[in-house]
Structures are given as C-alpha cells and as structure tokens.
Amino acid sequence: MARVNWDCFAPKKVKIFFWILRHERTRTCASLHRHGARDLPDCPFCPGVAEEADHLFVTCPRLADLWSRLLPKQNPPSSIQGVVAAICSTFAAPNTTAHTAAVGARNAMVFRTLQEDAPTMARHLQQHIELWVCRAPPPAGR
1 MARVNWDCFA PKKVKIFFWI LRHERTRTCA SLHRHGARDL PDCPFCPGVA EEADHLFVTC
61 PRLADLWSRL LPKQNPPSSI QGVVAAICST FAAPNTTAHT AAVGARNAMV FRTLQEDAPT
121 MARHLQQHIE LWVCRAPPPA GR
C-alpha cells in the first residue's frame, strides 16, 4: 500500500489524505463522536449507521451505483483496501481519486445540504482524473 500511496502522481495533499485514511486516522462522524465532538456517530445519509471510514468511502448504500460505474466487471468492494486493490487492478496507474469523489459528496451533504447522485459523483471523478492526467509521468518509451 505504501507504494500505491507515495509513488502515484496525485498531489501531495491527496497522498497525505490517503496515508491518513490507510492508518485509520480519518475524522469520521463516529471518530468525532468517540472524542466527544459530535452528539451522534451516524452517517448523514444513513441514520442509525455509524460513519466509520469503510462506510464513508465504500459501503454506504449511496456509493453502490458509483462503484458499479467505476468497477463494472467486479463485485462491489467491501473495504478501503478492497477499493485500492480493485482500482489498481482495473487501471494501469494507481489512482486514489475515487476517495475524493466520496468525500466531495459527503461534504456537499454536510456543509451545503446537497445530495449528489452517482452520475454526478462519477462526473466529478472524471473531472478530477482529467485534471490529474497532466501530472502523470509520460508513458515509458516516450
């Protein structure tokens, strides 16, 4: 996982976020609740379900359509490590942008009360990829 984290062409802040995510230091509603900063540990989309990292980025029902669009030939992932493995096996270069789409949708809901559907999240993800392609190293042999 360290190679995927640090050897990709993502911006440094994304690499740092991915490192935080891999080490289970993400500030989810559940972790903030454990520290006394929130009244409830619930996901803003799934009342009664604790918003842990795997739920926020992978298993939240609102992401099912997104994962089916991103990984159409695979079963939906069940953990963050499963997402990384699926994305790395599907795409030639390591890619962490799917996490940013999930975070963007969650932040839109929490801070602006906007509920983004899977096509919107997929469109935002495509925009992230288009922005990052220019940062990618040239293919070998060029």
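Numbers 1 to 142, taken from UniProt numbering, label the letters of the sequence shown in order.
For every residue, glycine included, the Cβ atom is placed at its ideal position computed from N, Cα and C.
Quantities reported herein were computed from a predicted structural model and do not represent experimental measurements.
Determine the burial state of residue i: buried for a count of at least 16 other Cβ atoms within 10 Å of its Cβ, exposed for fewer.
i: LEU56; result: buried
i: GLU24; result: exposed
i: ILE80; result: buried
i: LEU21; result: buried
i: ARG62; result: buried
i: GLN127; result: exposed
i: ALA92; result: A caution first: ALA92 carries a pLDDT of 47, below 50, which makes its placement in the model too unreliable to give a value.
i: ASN75; result: exposed
i: THR113; result: exposed
i: PHE111; result: exposed
Terminal residues of the continuous alpha helix (DSSP H) containing residue i?
i: HIS33; result: 29-34
i: ALA64; result: 64-70
i: ARG25; result: Counting along the chain, ARG25 falls outside any alpha helix (DSSP H), and DSSP gives it neither H nor E.
Using DSSP's beta-bridge definition, name the partner residues of residue i.
i: ALA50; result: ASP42
Within the present structure, is the beta-carbon of residue i separated from the nearest heavy atom of the ligand NAD by less than 6 Å?
i: GLU51; result: For the structure depicted, the ligand NAD is absent and the ligand set is empty, with no information on it obtainable.
Touch check for the stretch 30-43 and the stretch 10-18: three-plus C-beta pairs under 8 Å? no
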